[in-house]
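Residue numbers (this note's numbering), protein chains in the order written: chain A, 77 to 349; chain B, 607 to 1025.
Each residue gets a CB set at the ideal place from its N, CA and C atoms; glycine is no exception.
Keep in mind it's a predicted model, so treat the numbers as computed, not measured.
Following: one structure in structure tokens, then a few remarks.
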Amino acid sequence: MDINLLLKATATLYFLATASFVFHVLVRNTASRLPTMVLLAGFVLHTAALSVHFLQEGYPAVTQFYEAITFKSWLIVALYLVIQIKYRLTVLGAIVAPVVTLMTLAAFAFDAGSGELPPGLKTYWLPVHVTLAFLGNAVFALAFAVSLIYLLQERGLKHKKMSALLKRIPSLEALDRLNYMLLVWGFPLMTLGILTGSLWAGVYWGDYWTWDPRQISSGIAWLFYGVLLHGRITAGLRGKKAAILTMFGFCVVLGYFLWGETLFPSRHGGRFE
Amino acid sequence: MNHRSAPIEVRESVAFENGYVRDALGRLSGYPSVQESVVLSTCNRVEVVAAVADVQTACQDMKVFLDEQRAERGAFILDGHLYTYRGAEAVRHLFRVAASLDSMVVGEPQILGQLKEFYDVARQAGTVGTLLHRLFHRSFFVAKRVRTETGIASRAVSVSSVALDLAKRIFDSFDNKTVMLIGAGKMGDLMARQLQRNGVKSLMVTNRTFERAVTLAERMHGSPILFEDFPRYLKMADLVIGCTGSPEILIDAEAVERVLRERKQQAMFFIDIGDRRNFDSAINDIDNAYLYNIDDLKDVAEENLQERSNEAEKAEEIILQEVERFGRWVSSLDRVPTIAALRARFDEIRRLELARSLSGNLKDLSSEQRQALDAMTAAMINKMLHVPISHLKKEPSDDDDEETLYLAALTKLFGLEGK
């Protein structure tokens, strides 16, 4: 089956889901299930596309920049769907849907075709390390969106604003708890992502920590989230401050992912010798 | 008449007390022009809904009926305070009343319950027939539709329900929350009770005179606290209601900052619900602390009321649709006699012809054969009428004109008039 065709269909469905979210959540302000259903349909196609890639190539679609983007958007949608089942946070979908739509579309812009994989990458380390690291990223991406919603609700309350949308958004308490849960899950995933990467580097390059730019940036983000988690657990860091810090942490991760490769060439990306 | 057409004294002079409604319905059905009737009497309206044979006489009769009622009380002249709706307009009016569009506070939910009660009384009194039965059930349905499809009732318009809505945006659940009520003002009392109804289990009550706090706490199943002690207990409170009635700042921003540190920044909601301020307005600038005073709450309530009237426009559209649908049902009632007349006409012909044949050419037939012939002709008629009748019985479609045309054609073609 043609992966590109599947991905195009996925992007189309994500786009339709976005339109539907905008219409139902922002314009009509109803708790319709339709947008989530459309997103789910897109997710099914997305899953199919990634499975086909895995079956054809024998490794997950993560080695190219564009592949990494599609894979991450897939993880984000998966996580959103899980959260949606548990928390009915349709507003979150209104943020997630346009983002994943752009991500799947961006993947086409960068489409370079999957070349032959360098021998160093043909190991089981690749799927394990990349999945863990990306999963951590996806969790933090959602934490970013949840924090954004928290700030929206908080601002509304402080400025004594009332709207049907704000009334439908979960309470500050629920949003803060969800945000905390995401941090609790995201941090160990990120830790494992860094650990597996480091072990892999140790096995193949004989050096666990090579001060590779990716390692440095991940290390900074890891420290940041670690301090945040510690603050939340012990120092009563919560609410607005925690939300802002969560968003900032993700900006570090995202910033490196987008521009880091070009500014600081690393062994991640193409130059894997 | 309602709150717009008549001042309260006039409304009161014709209002029907609960026990008296049955009696009134009895008197109403005494008028030959009134076939079915329901009396609706709340503090904002007195209305008689009736199915009548002749609108002119019925209107006069109903005026006499209301005048009699009035005559027993006071001397207000009802003319100019009454309104009368007929046909589709009457249906629309009842739907609007049920959907709370005609209420003083648009969207208030009580009217539907009242409507149901008065309908039940009329039903028990036996003054409700097919038409009003359908009409009232339809109006309940319309009210529900308006409620779910528009935001007309979703916005709080009273101060305490606005505060409750706000609290719901801060806290996920109330059953693990603690409320502190400072002062014995009526609004504070009301607010605390509303929170209790919504799941709050733990309530602290404090007042300058401790005895007052004790009685209040006893009544509300809370625990009384000495007034001097309340700052020490503040850290346990998630929601703090201030309503002392005296203009003194009891809690300032520094105190709140300290308390928040002690409770590890768990959010606090301060509701300054008395007419005089008890909480420092700077509290709202502190992270994780939210302060609303009575004016803020009133502003939100006002805004919501405005929003409700916007939603009311959507509701009016729904009501128009439903009035039309009801109208179709009423016109489908016309068909019942037509169907019966059609059957009767065919059967009459059949019997006539059968009798003629059986006493003429076919008089030698045995009784079994006669019976068989009777059954056969009856079956023939049934088969022939099956398609046209099932077409007539069908739920009326949107194309009303077509239906009316068929009815008229049948009536004319088979000479059913006057049957």
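field: Straight-line gap, E143 of chain A to L208 of chain A (C-alpha atoms, nearest Å)
entry: Here residue 143 of chain A is taken as the residue at index 67 of the first sequence, counted from 1. Here residue 208 of chain A is taken as the residue at index 132 of the first sequence, counted from 1. Roughly 16 Å separates the two Cα atoms.
| message | Does any residue of chain A have a CB that is nearer than 8 Å to the CB of D902 of chain B? | response | Taking the second sequence and counting its residues from 1, the one referred to as residue 902 of chain B is at position 296. For D902 of chain B, the answer is yes, since a Cβ of chain A falls inside 8 Å of its Cβ.
Can you give the Cα-Cα distance for F777 of chain B and A219 of chain A, rounded to whole angstroms?
As a first step, residue 777 of chain B must be located in the second sequence, where it is residue number 171. As a first step, residue 219 of chain A must be located in the first sequence, where it is residue number 143. Cα-Cα distance, rounded: 19 Å.
Determine the chain B residues that contact S127 of chain A at a beta-carbon separation under 9 Å, and present them in chain order.
Here residue 127 of chain A is taken as the residue at index 51 of the first sequence, counted from 1. Those within 9 Å of S127 of chain A in chain B number zero; the least Cβ separation is about 38 Å.
| field | 6 Å Cβ shell around F747 of chain B - same chain, five flanking residues per side excluded | value | Locating residue 747 of chain B in the second sequence gives position 141, where the first residue counts as 1. Nothing meets the Cβ criterion.
Original post:
Is any beta-carbon of chain A found at less than 8 Å from that of Q662 of chain B?
Top reply: Here residue 662 of chain B corresponds to residue number 56 of the second sequence, with the count starting at 1. Judged by the 8 Å Cβ criterion, Q662 of chain B is not in contact with chain A.
**Request:** Report the rounded CA-to-CA distance for E249 of chain A versus I831 of chain B, giving the unit in angstroms.
**Result:** Position 173 of the first sequence, counted from the first residue, corresponds to residue 249 of chain A. Position 225 of the second sequence, counted from the first residue, corresponds to residue 831 of chain B. Cα to Cα, E249 of chain A sits roughly 28 Å from I831 of chain B.
Notebook entry, point to check: Nearest to P296 of chain A by alpha carbon, out of A:Y200, A:A125, A:Y280, A:M266?
Noted result: For the purposes of this step, residue 296 of chain A is identified with residue 220 of the first sequence, where counting begins at 1. The sequence given here has Ile at residue 296 of chain A, not Pro. Among A:Y200, A:A125, A:Y280, A:M266, the Cα nearest to that of I296 of chain A belongs to A:M266.
request  = Determine which residues of the region 628-651 of chain B have a Cβ less than 8 Å from any Cβ of chain A, and write them out in chain order.
outcome  = none
query: What are the boundary residues of the alpha helix (DSSP H) that L688 of chain B is part of?
result: Here residue 688 of chain B refers to the residue found at position 82 when the second sequence is read from its first residue. L688 of chain B -> no alpha helix (DSSP H), and no H or E assigned at all.
Pull up the distance between the alpha-carbon of E923 of chain B and that of E714 of chain B, whole angstroms please. If you number the second sequence from 1, residue 923 of chain B lands on position 317. If you number the second sequence from 1, residue 714 of chain B lands on position 108. If I take the Cα positions, the gap works out to 19 Å.
Would you check if the distance between the CB atom of T648 of chain B and the CB atom of C665 of chain B is smaller than 8 Å? For the purposes of this step, residue 648 of chain B is taken as the residue at position 42 of the second sequence. For the purposes of this step, residue 665 of chain B is taken as the residue at position 59 of the second sequence. No, these two residues do not count as a Cβ contact at 8 Å.
Anyone know if the C-beta pair for V768 of chain B and L903 of chain B falls short of 8 Å?
-> On the second sequence, position 162 is the one that residue 768 of chain B refers to. On the second sequence, position 297 is the one that residue 903 of chain B refers to. Yes, the Cβ-Cβ distance between V768 of chain B and L903 of chain B is below 8 Å.
S760 of chain B versus F875 of chain B: straight-line alpha-carbon distance, rounded = Here residue 760 of chain B refers to the residue found at position 154 when the second sequence is read from its first residue. Here residue 875 of chain B refers to the residue found at position 269 when the second sequence is read from its first residue. The alpha-carbon atoms of S760 of chain B and F875 of chain B are separated by roughly 22 Å.
- request: Please find out if some non-hydrogen atom of the ligand SAH comes closer than 7 Å to the beta-carbon of E695 of chain B.
  value: In the structure on display, the ligand SAH does not appear, and there are no ligands present to speak of.
- Item | G848 of chain B in three-state terms, based on DSSP | Position 242 of the second sequence holds residue 848 of chain B. Three-state DSSP puts G848 of chain B in a strand.
Going along chain B, which residues have a C-beta under 7 Å from S238 of chain A?
-> In the first sequence, the residue the question calls residue 238 of chain A occupies position 162. It is worth fixing the name first, because residue 238 of chain A is Met in this sequence and not Ser. Here the neighbours are V906, E909, N910.
**Message:** I'd like the span of the beta strand (DSSP E) that includes V645 of chain B, first residue to last.
**Reply:** As a working note, residue 645 of chain B is residue 39 in the second sequence. 640-648 is the span of the beta strand (DSSP E), which, as asked, contains V645 of chain B.
So, does the region 617-626 of chain B touch the region 318-333 of chain A, judging by three or more C-beta pairs under 8 Å? no
- Per-residue burial, L631 of chain B [other beta carbons within 10 Å of its own, 16 or more giving buried]: The residue labelled residue 631 of chain B in the question sits at position 25 within the second sequence. Looking at its Cβ environment, which holds 16 or more other Cβ atoms inside 10 Å, L631 of chain B is buried.
Find the residues of chain B that neighbour S247 of chain A, judging by a C-beta separation of less than 7 Å, and give them in chain order. The sequence position of residue 247 of chain A within the first sequence is 171, counting from 1. Those within 7 Å of S247 of chain A in chain B are K774, R775, I776, F777, D778.
**Prompt:** According to DSSP, is D878 of chain B helix, strand or coil?
**Reply:** One-based indexing of the second sequence puts residue 878 of chain B at position 272. If DSSP states are grouped into helix, strand and coil, D878 of chain B belongs with the strands.
How would you write the range of the beta strand (DSSP E) that P830 of chain B sits in, first residue to last? The sequence position of residue 830 of chain B within the second sequence is 224, counting from 1. Residues 829-832.
**Request:** Verify whether the separation of the beta carbon atoms of R956 of chain B and F1020 of chain B is less than 8 Å.
**Result:** As a first step, residue 956 of chain B is located in the second sequence; it is residue number 350 there, counting from the start. As a first step, residue 1020 of chain B is located in the second sequence; it is residue number 414 there, counting from the start. Result no, Cβ atoms of R956 of chain B and F1020 of chain B do not sit closer than 8 Å.
Excluding the five sequence neighbours on either side, which residues of its own chain have a C-beta within less than 7 Å of the C-beta of I79 of chain A, listed in chain order?
Translated into positions along the first sequence, residue 79 of chain A becomes position 3. A125, V128, H129.
Report task. Measure the alpha-carbon distance for L83 of chain A versus L131 of chain A and round it to whole angstroms. Result -> Working through the first sequence from its first residue, we reach residue 83 of chain A at position 7. Working through the first sequence from its first residue, we reach residue 131 of chain A at position 55. So the two alpha carbons sit approximately 16 Å from each other.
Check whether the Cβ atoms of S247 of chain A and R775 of chain B lie closer than 8 Å to each other. Along the first sequence, read from residue 1 onward, the residue named residue 247 of chain A stands at position 171. Along the second sequence, read from residue 1 onward, the residue named residue 775 of chain B stands at position 169. Closer than 8 Å, so yes.
Can you tell me whether T146 of chain A is helix, strand or coil according to DSSP? Working through the first sequence from its first residue, we reach residue 146 of chain A at position 70. Residue state, collapsed to three classes: helix.
Beta carbons nearer than 7 Å to chain A: which residues of the region 856-874 of chain B have them? K870, Q871, A873
Check: Does the distance from the CB of D886 of chain B to the CB of I855 of chain B come in under 8 Å?
Finding: If you number the second sequence from 1, residue 886 of chain B lands on position 280. If you number the second sequence from 1, residue 855 of chain B lands on position 249. A contact, by the Cβ cut-off of 8 Å.
Residue-level contact to chain A via CB, N894 of chain B, 8 Å cutoff: To locate residue 894 of chain B, count along the second sequence from 1; it is residue 288. So, interface residue.
#### Entry: Near-chain B residues of the region 288-302 of chain A (beta-carbon distance less than 8 Å), N- to C-terminal order
none
Open item on the list: Tell me the DSSP secondary structure of M826 of chain B in three-state form.
Closed with: Taking the second sequence and counting its residues from 1, one reaches residue 826 of chain B at position 220. In the structure shown, M826 of chain B sits in coil (DSSP, three-state: anything other than H, G, I, E or B).
What would DSSP say about F885 of chain B, mapped onto helix, strand or coil?
Numbered from its first residue, the second sequence carries residue 885 of chain B at position 279. It is a strand residue.
So for A318 of chain A, helix, strand or coil by DSSP? Sequence index remark: in the first sequence, residue 318 of chain A carries index 242 (1-based). Here A318 of chain A sits in helix by DSSP.
Express the C-alpha separation of L700 of chain B and F724 of chain B in angstroms, rounding to a whole number. Here residue 724 of chain B refers to the residue found at position 118 when the second sequence is read from its first residue. Here residue 700 of chain B refers to the residue found at position 94 when the second sequence is read from its first residue. Near 13 Å, if we compare the C-alpha coordinates of L700 of chain B and F724 of chain B.
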